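Trainee: Below you will find the structure I want to go over with you.
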Amino acid sequence: MKKKRKSISYAKWGYFFILPFFLCYFIFSLIPLADTIRYSFFEYYRSGIKEIGPNFVGMQNYFSLLDSDMIKYGINTLILWVIGFIPQIVIALLLAVWFTDIRMKIHCKQFFKVVIYLPNLIMASAFAMLFFTMFSSNGPVNSILMSLGIIHERIDFLGSVFGTRSLIGFMNFLMWFGNTTIMLMAAIMGISVDIFEASELDGCNSIKRFFYIILPLIRPILAYTLITAIIGGLQMFDVPQILTNGQGSPDRTSMTLIMFLNSHLKSKNYGMAGALSVYLFIVSGILCFIVYKMTNDNDPDGSKAAARKKARQERRRRK
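First residue of the sequence shown: 1347, per my numbering; consecutive thereafter.
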């Protein structure tokens, strides 16, 4: 009688190796998140050397934030994000298509990739300090423009709403367009060459190839780029913080939501900071869900649309 061979299951080793990740996530992410939500329902702040709370106040912190300038700072954050992201995605798409076009025969592609990505390696604080020095009233930009005779009086770039917001948007564009370009290049290079060759045989020009072949096929990467850009935009802090010395000047038109959150943390108002963090979590979740639904294609081959069209035609025929 043959002995039955005992089957060996290796499934437990998979759980064993991913256990450290879940432990780190539980300790450093999930517990702080739950604690932040808990603090948002309490009055907990410091007045001088006296610590008030924690006293349970329910939704009072949330209502107080709605009565504050939170909406204004949210609009500021949106404006600064749009100023930086729109040029970023446009330039990144153009560069990605240009560098991946076989017909262009561009040499030294690796060198250009490194140069494009280099600004992403510079710390945001260093970038902000550089621009603060360059565009100050006594900075080199004003000196060069005056020496060339282009202007006769020094421009206060950081004293105007347009100038400050433009500089913040330009810095965010410089820091992140390289990363976006590399990701989009990888997505386009993942498209089969046969598709491009077939489109050329059918007489498809560059514009049609971009809108009807490239954009639909890189939709998952575009969705990822949009979602990460939205999260990064809501977390915008270091560049406006350093450029405006934490004041959001002029007239707090460059104050972002995270700068507002940081002001509560500096004043030890943990209840209001927790409520604002929950608001940010909810808003980022809603925006990311909307972007995902807009960019997610549930019918990549058109079979579902064809079936619906056929069903409508069948119902009309029966009538």
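A virtual CB, placed ideally from N, CA and C, is assigned to each residue, including glycine.
Since this is a predicted model, take the numbers as computed values, not measurements.
Suppose only complete runs of 4+ residues qualify. What are the alpha helix (DSSP H) ranges in the region 1555 to 1628, listed by chain order?
Mentor: 1565 to 1580, 1584 to 1589 and 1603 to 1612
Trainee: Leaving out five residues before and five after L1464 in sequence, what residues of the same chain have Cβ atoms less than 8 Å from its Cβ?
Mentor: G1524
Trainee: Count the other CB atoms, across all protein chains shown, that sit within 10 Å of the CB of F1457; report buried if there are 16 or more and exposed otherwise.
Mentor: exposed
Trainee: Hey, could you find the ends of the beta strand (DSSP E) N1484 is sitting in?
Mentor: That residue, N1484, is in no beta strand (DSSP E); it is neither H nor E in DSSP.
Trainee: Using a 10 Å radius around the Cβ and a threshold of 16 neighbouring Cβ atoms, would you call M1347 buried or exposed?
Mentor: With a pLDDT of 48 at M1347, under the threshold of 50, the modelled position of that residue is not reliable, and no figure is offered here.
Trainee: Determine the DSSP secondary structure at E1660, reduced to helix, strand or coil.
Mentor: Helix at E1660.
Trainee: Taking 8 Å as the threshold (C-beta atoms), are Y1408 and A1621 in contact?
Mentor: yes
Trainee: Using 8 Å as the threshold, is the C-beta distance between L1504 and S1471 below it?
Mentor: no
Trainee: Which residue's Cα is closest to the Cα of T1446: F1363, I1528, K1358 and Q1593?
Mentor: I1528
Trainee: Could you say which of M1531, S1493, V1507 and N1518 lies nearest to W1427 if we only look at CA atoms?
Mentor: Distances from the CA of W1427 to each of M1531, S1493, V1507 and N1518 were compared; the closest alpha carbon is that of N1518.
Trainee: Which parts of the region 1359 to 1387 are runs of the beta strand (DSSP E), unbroken and 3 residues or longer, counting only runs that do not cross its ends?
Mentor: none
Trainee: Expressed to the nearest angstrom, what Euclidean distance is found between the alpha-carbon atoms of P1433 and F1362?
Mentor: 45 Å
Trainee: Which whole runs of the beta strand (DSSP E) in the region 1425 to 1478 are 3 residues long or more, in chain order?
Mentor: none
Trainee: To the nearest whole angstrom, what separates the beta carbons of L1520 and A1438, a pair I think is in contact under 8 Å?
Mentor: L1520 to A1438, Cβ: 12 Å. No contact.
Trainee: In angstroms with no decimal places, state the Cα-to-Cα distance between N1591 and I1501.
Mentor: 19 Å
Trainee: By Cβ distance, which residues of its chain are closer than 7 Å to M1674, with the 5 residues on each side in sequence left out?
Mentor: Outside the shown range of the chain, which is 1347 to 1665, sits residue 1674, and nothing can be said about it.
Trainee: Which full runs of the alpha helix (DSSP H) of 4+ residues lie inside the region 1487 to 1551, going along the chain?
Mentor: 1507 to 1535 and 1539 to 1547, all fully within the region 1487 to 1551.
Trainee: From M1450 to V1443, what distance separates their C-alpha atoms?
Mentor: 10 Å
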